[in-house]
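Numbering (our numbering), first residue to last: 208 to 412. Shown next, in structure tokens, is the structure this report addresses.
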Amino acid sequence: MATRSRSRASARGSSGNSEGSAFSWGNQAGTLALAAVAGAAVGLAANFGRKLMVQGIAGKAGAWDEVLHMEHETVLALFDQIQATSDDQVRTRTHLLAKIKAALGKHALQEENVIYPALREFNNAHDADALNGEHGYVKTFLYELENSDPASTDWLAKVRTFRAMLEEHIRMEEDEVFPALKAGLDEAGNAKLGAAMLKEGMKLA
Ligand SMILES: [Fe+2]
Ligand SMILES: [Fe+2]
Numbered sequence: 208m209a210t211r212s213r214s215r216a217s218a219r220g221s222s223g224n225s226e227g228s229a230f231s232w233g234n235q236a237g238t239l240a241l242a243a244v245a246g247a248a249v250g251l252a253a254n255f256g257r258k259l260m261v262q263g264i265a266g267k268a269g270a271w272d273e274v275l276h277m278e279h280e281t282v283l284a285l286f287d288q289i290q291a292t293s294d295d296q297v298r299t300r301t302h303l304l305a306k307i308k309a310a311l312g313k314h315a316l317q318e319e320n321v322i323y324p325a326l327r328e329f330n331n332a333h334d335a336d337a338l339n340g341e342h343g344y345v346k347t348f349l350y351e352l353e354n355s356d357p358a359s360t361d362w363l364a365k366v367r368t369f370r371a372m373l374e375e376h377i378r379m380e381e382d383e384v385f386p387a388l389k390a391g392l393d394e395a396g397n398a399k400l401g402a403a404m405l406k407e408g409m410k411l412a
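Next comes the structure, spelled out in structure tokens:
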């Protein structure tokens, strides 16, 4: 089950006013009862069924935030799997890391090419730039994990550090930034944003 840090009101204030980086460590608190959702998403990942599922969610109500949440849960479920491996399960670790990289690649494309630009349009360049910068460190973690020995004890420790950073990034998106953006757009605006994001995501789905 994905253990998530979702308990804090905010270590950095409200959206648009945040200070510091989402890479600061938060306490691991709270357990999401979303394992079933995450598991289903993992099972459907990278196939046509998943495309239909995402289309269904995004196409109905401009629920771009729900699509992104589902993708967050999918990635965290993959982290659950990789963190459950032992040092001798090198092939499994390598395979799961590739899946995490693919999922995060598609996710980042949607956020960086559609959601974050919309945030800047919505006068929240501060958070857009901070989140965009953190995506760079996501790539750095992936790079370092790909270029180190998956059988070493340090490797899984780096995975745990990566996950903690990612959870804090997700918390900022889901608890602060995305709700403010969604509330600031009308129904047509959210539908337009969802359609644009879906179109972008389909390029790598
Ligand atoms: Fe992000
Ligand atoms: Fe995200």
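The C-beta atom is built at its ideal place from N, Cα and C for all residues, glycine as well.
query	result
Output the boundary residues of the alpha helix (DSSP H) element that contains Val282.	Trp271 to Gln290
DSSP three-state label for Arg219, please.	In this predicted model, Arg219 has a pLDDT of only 37, less than 50, meaning its place in the structure is not dependable; the value taken from the coordinates is given anyway. DSSP places Arg219 in coil when its eight states are reduced to three.
Determine the direct distance from the alpha carbon of Gly340 to that of Ala291, and round the result to whole angstroms.	29 Å
May I ask you to verify whether the segment 270-283 touches the segment 300-316, counting CB pairs closer than 8 Å and requiring at least 3?	yes
Return the CA-CA distance between Leu303 and Trp271, expressed in angstroms with no decimal places.	26 Å
For Gln317, which three-state DSSP category applies?	helix
Within the present structure, is the beta-carbon of Ile377 separated from the nearest heavy atom of ligand 1 by less than 8 Å?	yes
What separation, rounded to the nearest whole angstrom, lies between the Cα atoms of Arg378 and Ala284?	16 Å
Return the first residue and the last residue of the alpha helix (DSSP H) that Leu411 is part of.	That residue, Leu411, is in no alpha helix (DSSP H); it is neither H nor E in DSSP.
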